[in-house]
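Participant: Below you will find the structure I want to go over with you.
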Amino acid sequence: MKNMCECSDQRNPAKTGRRKFLNRLWVFLGCLATLELGWLTISILKSRQANKQSDTKERTITAGNIIDYSPNTVTAIPRGQFYLACLQDGSFLALSRTCTHLGCSIPWDNGEQKFICPCHGSTFDIKGEVLTPPATRALDSYPLKIENGEIRVNIGRSEKRLDNGKPRSVKA
Ligand code: FES
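Mind the numbering: the sequence shown is residues 31 to 202 in our numbering, read in order.
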């Protein structure tokens with residue numbers, strides 16, 4: 031059978047030429063597909079890298095002036111999706127509103143003077159430190175600085191407080 035095919039190819043040069051052309055076309059298409067796949071992979075990796083960089087960039091918002099806040103109060107800052115805690119000594123903390131147990135949004139209870147998670151009951155004090163489990167880690171915080179009395183919070187990156195404490199409150 032093989033011999034018959036070879037014989038027929040030898041007898042029909044047009045068929046051989048078409049076969050060569052198809053082989054080259056397949057090789058060309060294979061190379062094209064490989065290049066396209068490579069380009070696609072590179073562009074996905076580049077966009078991920080760009081997203082990572084923009085995630086860690088500074089995104090600072092102003093959360094008002096220090097004179098707007100009284101000691102021992104917690105104020106929700108909806109624009110930045112965080113809480114601004116003004117501590118007893120007049121220093122400030124910007125706390126994430128995401129529970130460190132399983133990520134529920136956590137409200138501040140003004141009467142109880144603590145954050146109480148509606149999902150599984152974890153509670154946190156004004157500094158975001160755990161009072162009641164199941165959460166074991168303090169609320170994340172955001173870096174803040176006070177410039178000319180204005181409170182500036184970098185919401186571009188939250189900071190984990192793995193030691194459940196040591197709040198980085200900032201005093202004016
Ligand atoms: S998500 Fe808050 S206690 Fe579980």
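Backbone N, C-alpha and C define an ideal beta-carbon position, used for all residues, glycine too.
Roughly how many whole angstroms lie between the Cα atoms of residue 146 and residue 109?
Facilitator: 21 Å
Participant: If you pair each beta-carbon of the region 154-165 with each one of the region 123-139, do three or more pairs fall below 8 Å?
Facilitator: yes
Participant: Whose C-beta lies closer than 8 Å to the C-beta of residue 149 among residues of the same chain, with five residues either side of it excluded?
Facilitator: 129, 131, 132, 134
Participant: Could you give the distance in angstroms between the alpha-carbon of residue 173 and the alpha-carbon of residue 68?
Facilitator: 39 Å
Participant: Helix, strand or coil for residue 47 per DSSP?
Facilitator: helix
Participant: Per DSSP, what kind of secondary structure is residue 182 in: helix, strand or coil?
Facilitator: strand
Participant: Regarding residue 152 and ligand 2, is the C-beta to nearest heavy atom distance less than 6 Å?
Facilitator: In the structure on display, ligand 2 does not appear, and the ligands it does have are ligand 1.
Participant: Which class does residue 115 belong to by DSSP, given the choice of helix, strand or coil?
Facilitator: strand
Participant: Verify the contact flag: residue 165, CB atom, against every heavy atom of ligand 1, threshold strictly below 6 Å.
Facilitator: yes
Participant: Comparing C-alpha positions only, which one of 163, 54, 181 sits nearest to residue 151?
Facilitator: 163
Participant: Go ahead and label residue 63 buried or exposed: buried means 16 or more other beta carbons lie within 10 angstroms of its beta carbon, across all protein chains shown.
Facilitator: Residue 63 should be labelled exposed.
Participant: Does the distance from the CB of residue 181 to the CB of residue 89 come in under 7 Å?
Facilitator: no
Participant: Is it buried or exposed, residue 121, if we count other Cβ atoms within 10 angstroms and call 16 or more buried?
Facilitator: That one is buried.
Participant: Identify every residue that forms a DSSP beta bridge with residue 123.
Facilitator: 115
Participant: Residue 93 lies in the beta strand (DSSP E); which residues open and close that run?
Facilitator: Taken as a continuous stretch (DSSP letters only), the beta strand (DSSP E) holding residue 93 covers 90-95.
Participant: Going by beta carbon distance, what residues of the same chain come within less than 7 Å of residue 96, once the five residues before and after it are set aside?
Facilitator: Cβ within range, chain order: 176, 179, 181, 202.
Participant: Taking the beta strand (DSSP E) that residue 177 falls in, what are its first and last residues?
Facilitator: 174-177
Participant: So what's residue 72 in DSSP terms, helix, strand or just coil?
Facilitator: helix
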